[in-house]
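Colleague:
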Amino acid sequence: MAKMNMIQALNSALDNMMEKDPNVLSFGEDAGYFGGVFRVTAGLQEKYGLDRSFDAPINEAAIVAMATGMAAKGLRPVAEIQFADYIFPGLDQIVSELSRIRYRSAGQFTTPVTIRTPCGGGIRGGQTHSMSPEAFFTQIPGVQVVMPSNPYDAKGLLTAAIENDDPVIFFEPKRLYNGPFDGHSGGALSSWGAHPKGEVPEDYYSLPLGKADVVREGSELSIITYGTLVHVALAAVEQEGIDAEIIDLKTLVPYDIETITRSVNKTGRCIVAQEAPRTSGFGAELAAQIQEDCFYALEAPIQRVAGWDTPYPHAHEWSYFPGPQRFINAMREVLEA
Amino acid sequence: MTQSDPRFHVPAPHVRPGDTPDFSHIAIPPAGEAKRPAVDVAGPETMDLALGLVRVLDHNHQAVGEWDPKLTADQMREGLKHMVLTRVYDDRMLKLQRQGKMSFYMKSTGEEAVAVAAAMALDNGDMVFPSYRQQGILFARGRDIVDMMCHCISNSRDNLKGRQLPVHYTWAEGNFFSISGNLTTQFPQAVGYAMAAQYKGEKQIAASWIGEGSSAEGDFHGALVLASTYKAPVILNIVNNQWAISTFQGIAAGEAPTFALKGQGYGLATLRIDGNDFLAVYAATQWAAERARAGHGATVIESFTYRADAHSTSDDPSGYRPKGEDAIWPLGDPVERLKQHLIGLGEWDEERHEALEKELNELVIASYKEAESFGTLHDGPLSPVSSIFEDVYAEPDWRLRRQRQDLGV
Ligand SMILES: Cc1ncc(C[n+]2csc(CCOP(=O)(O)OP(=O)(O)O)c2C)c(N)n1
Ligand SMILES: [Mg+2]
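Protein chains in written order, with the working numbering: chain Y, 1 to 337; chain F, 1001 to 1409.
1. Taking 8 Å as the threshold (beta carbon to beta carbon), is E1217(F) in contact with chain Y?
2. For M131(Y), which residues in the same chain have their Cβ closer than 7 Å to its Cβ, ignoring the five residues on either side in sequence?
3. Which residues in chain F sit within 8 Å of D21(Y), going by Cβ to Cβ distance?
4. Could you tell me the alpha carbon to alpha carbon distance between D1040(F) and V24(Y), rounded to whole angstroms?
5. Whose CA, out of M1(Y), I7(Y) and A2(Y), lies closest to the CA of P180(Y)?
6. Report back the beta-carbon spacing between A42(Y) and N11(Y) to the nearest angstrom; my notes put them in contact at under 8 Å.
7. Near Y1230(F), which residues of its chain fall below 6 Å by C-beta distance, leaving aside the five closest residues on each side in sequence?
8. For Q303(Y), I'd like the list of residues in its chain whose CB is within less than 6 Å of its CB, leaving aside the five on either flank, ordered along the chain.
9. Measuring only from the beta carbon, is G1275(F) closer than 7 Å to any heavy atom that is part of ligand 2?
10. So is Y103(Y) buried or exposed if we call it buried at 16+ other beta carbons inside 10 Å?
11. So the alpha helix (DSSP H) I1145(F) belongs to, where does it begin and stop?
12. Excluding the 5 residues flanking F1023(F) on each side, which residues of the same chain have their C-beta closer than 6 Å to its C-beta?
13. For R1016(F), does the count of other Cβ atoms within 10 angstroms reach 16, so buried, or fall short, so exposed?
14. Beta strand (DSSP E) containing P151(Y): first to last residue?
15. Going by beta-carbon coordinates alone, are P200(Y) and V215(Y) separated by less than 8 Å?
16. Less than 7 Å between the CB of A1244(F) and some heavy atom of ligand 2, yes or no?
17. Q1099(F): buried (16+ other C-beta within 10 angstroms of its C-beta) or exposed?
18. Assign S1303(F) to buried or exposed, taking buried as 16 or more other Cβ atoms, counted over all protein chains shown, within 10 Å of its Cβ.
19. Compare the C-alpha of L1382(F) against each of D1147(F), R1157(F), A1063(F) and M1076(F) and name the closest.
20. K155(Y): buried (16+ other C-beta within 10 angstroms of its C-beta) or exposed?
21. For M1001(F), count neighbouring Cβ atoms within 10 angstroms of its own Cβ and tell me buried if that reaches 16, exposed if not.
22. Between the stretch 1164-1171 of chain F and the stretch 1145-1153 of chain F, do at least 3 Cβ pairs fall closer than 8 Å?
23. Any heavy atom of ligand 1 within a distance shorter than 7 Å of the CB on I58(Y)?
24. With a cut-off of 8 Å, does the C-beta of P1257(F) fall near any C-beta of chain Y?
25. Given a cut-off of 8 Å, decide if R1141(F) and A1119(F) are closer than it, judged by their beta-carbon atoms.
26. Given that L50(Y) touches chain F, what residues does it touch there, using C-beta distances under 7 Å?
27. If contacts are defined as beta-carbon pairs under 8 Å, then P89(Y) and A61(Y) qualify, I think. What distance do you get, rounded to the angstrom?
28. What are the boundary residues of the alpha helix (DSSP H) that includes L10(Y)?
29. In terms of residue numbering, what span does the alpha helix (DSSP H) encompassing D1090(F) cover?
30. Compare the C-alpha of G1263(F) against each of I1179(F), P1233(F), L1279(F) and S1215(F) and name the closest.
31. Closer than 8 Å by beta-carbon distance: list the chain Y residues that pair up with Q1164(F), in chain order.
32. In this structure, how does DSSP classify Q1340(F) when only helix, strand and coil are distinguished?
33. First and last residue of the beta strand (DSSP E) that includes D1048(F)?
34. DSSP has V24(Y) in a bridge; who is on the other side?
35. What three-state label does DSSP hand Q82(Y) in the structure shown?
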C-alpha cells in the first residue's frame, strides 16, 4: 500500500497495465513527453518509449479515431482528452463510430478504447474547463461511462476500463485530483493523505465496472450521486445531522440498479445529484428509473440536486456549483414531503 | 520493460531541458529577398512565398525589399507604442495574477508584432476573430485599458459579467469577436462572417488568428475549404510560435515544411512571414486585405515567431524546453527591432524609449488602481449573482426563472 492522490493512482494504473500488456498505449495532447497537463501520464514515455506514450496533435476527432483504428487492430489504446470540455470535436467519432463498431460489424470488429478526460468545476476554470458532460455519453449505446470519486477507485476502475472489451469514457473529476472536496469553496484544501481511499496498492488490481458503493449507510433517505458530489453529499449530511444513505455510483453505464433499489426501497426517500446542468442530466435518468422500480416504496417525490441550466460561470462559480446548502435544502424538502 | 526503437514515427524537438538552446536548424532567408506579387495573383503562384519568409527589417534594422510598406515615422512610432504597451500590460497582469488578483493569465510576449501590426494594417471596421494571444489588437484599436483589466479581474464592470476566463475578451464596438477557449472554432466562423459582409454589400473583411498547434484541428481545414470554395474576403493567420503548451511545432506540422504551405492544398494565397518584424507583418496583412477587399479571395499567413514566455499562468516551460531559448531566437525581439529601425532613421532614441516605457508603465499602474476600484474577483463587487441566468437565451424560460428563485437571487 502507498499513499496516492488521484493523479498518482491513475498513473499507477497506466503503469501497471503498460507493464503487463504491450498492447496498451497512452496518448493525447501534451500527454507524452510532458506527461499531461495534470501529470497523469508522467514518466510513462521515459519508461515505455515514444511509441507507447506519446504526444498527439490537437485534434480530438483524430485522437478518438486513431484509438479506434488501433483497437480494431488489437491494441488497447488509452486516449487522453485534455479537458472534457474539449471532447466535442471528437463526439462524432464516438457516437457514430467507436460506440457502434461491434454492433454494425456483428461482432467481427471490436474497439476496446479507453478515453480518459478530466471533468467538473471548482477550479475557477470558466466555461471551457469546468463541464461535466457525462450525460451526453450515457445516451450513446455501446460505450460505458465511469466516474470515480477517490484514488483507490480511480486506479481499480481505470484498470478495469482498459481491460474491458468495450469502449469506456472515463471521467476524472479534476477537483478531486489532489484531495477530497466538501463543497465549501473557502475551506482549507484537504489532501488524500489522511483519507482511507488514499491508500492504494502499488500492484495491479481491478474493480468491477457496474458496481456502486454505499459510502454511508443510513435510514432516512438515499442520496445517489458520483464524482465530486459524493464528498459534498457526505459533508452536507454530517452538517445537517441527517441519517442519510449515500451511494457512489462509480459507473454510470451500466449503473448498479440493484444497489440503488435496495437503498431506496429501504429509505423511501431519494435525492439524485449531479454537477452538470439539471435538464436531461444523468439524475433525470436515475429519477425515472427509480420511480419505475421503487414507486410503491417512495414516500416523497425524488429531488434533484444539479448545476443550473447555464454555462459554467467563472466569477460566480460557487453560485453555480451544487454545494452543501443545495443538498441540505433538498434533504429538508424530501423529508418534509 | 526495456525501451526499443519506436515502431512508428513520433517527431521530437532538437533540444530538451538541460540541453543548450539551439536554433541552427532553422533557415532564415535574408530580408528583402521575397518578391511581392500583385494582389490578384492566383493562389498556387504564391507557393514560393509559403516556403520562404517575408522579411523587411534586415540585421542592420534597415527596411529593405519589395515588401517594405514604407510607413511614416509617426505610424511606426505608434506601432512601437502599442507593442510596448502590450508588453508592459502583460508583465503587470502576470504579477497581479501571481498576487492572486485574477484567476489566470496568458501573455503574448515576443508575439506583439503579430497582433499590433496586423491590426494597424486592417481597417478598424474589419472584423477580427482572435485567439487568446492577440491582446495587441485591442491596444492598437484603442480599447480602454481599465475596461480590459475589469474583465481580467472579473469585477462589477467586467463587460462579460464574470462569465469568461481572463484574457478571453469580447469587444463588439471594436469589431472584436468573443474569444473562445475551444481552439480553432473561430477560424471557419471568420469565413462565414466575411461572406455575410459580402452579402450585405459591405467592404468589411474578416481576419482570424490561431496558433500553429491549433492548425491540427478539423476546423482549420474547414476554414480553408470554405475560404477557397467561396473565395471569401478573409485573412487566416497561423501564429507559429513554435510551441503548443508542451508540444513543439513538429507535432502539428508533421512532414509539412511550413504551416503556410497547408493553404496551397486548397489553392489559397499563402505567405510565410517573419512574425517578429513589425514591417513584414504590416505589409503582409496590407497585401492580404487589399486582395480580399478587391474580391480576389483569402490569404493564409503563417507568422513565424517564438512564444517567449509560458503558455499561461498554469504552465511551467522548464519541464519541456531549455531555458534561454527566447534570448537566442534568431528573429530577435519585435519591440527591439522596430525600435532600432526608428533609431537608425533618426526618428527615435533611447531616452525617448525609456520615457515611453515609463509613461506606459505608469498608465498601466494607474489603470489598475482604477480598475480595482470597481472590485476584484476575490473581494468583489462582482456583477450581480442573478446575472448568471441572463443571456443564456434572449428571455429566460420557466426553468431558469425557477432556478434563479431557488438560488434566492
Ligand atoms: C478544442 C481544444 N482542445 C484542447 C485545448 C487545450 N489547449 C489550450 S491551448 C492549447 C495549445 C494551443 O497551442 P497553439 O495553437 O500553438 O497556440 P498558442 O498557445 O501557442 O498560442 C491546448 C492544447 C483547447 N483549449 N481546445
Ligand atoms: Mg503555438
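All C-beta atoms in this analysis are idealised placements derived from N, C-alpha and C, irrespective of residue type, glycine included.
Modeller: Taking the structure as given:
1. yes
2. A84, D85, C119 and Y312
3. Neighbours of D21(Y) on chain F: none; closest Cβ ~11 Å, over 8 Å.
4. 53 Å
5. I7(Y)
6. 6 Å
7. M1195
8. I271, A330, E333 and V334
9. no
10. exposed
11. I1145 to C1152
12. P1330
13. exposed
14. Here P151(Y) belongs to no beta strand (DSSP E); instead the alpha helix (DSSP H) covers P151 to E163.
15. The residue you asked about is not Pro; residue 200(Y) is Val in the sequence shown. No, Cβ-Cβ distance for V200(Y) and V215(Y) is not below 8 Å.
16. yes
17. exposed
18. buried
19. R1157(F)
20. buried
21. Low local confidence applies: a pLDDT of 47 at M1001(F) is under 50, so the model's placement there is unreliable, with the coordinate-based value given in what follows. Exposed.
22. yes
23. yes
24. no
25. yes
26. P1006 and V1010
27. 5 Å
28. M6 to K20
29. A1073 to R1098
30. S1215(F)
31. G126, Q127 and H314
32. helix
33. Careful: D1048(F) lies outside any beta strand (DSSP E), inside the alpha helix (DSSP H) at M1047 to L1051.
34. R76(Y)
35. coil
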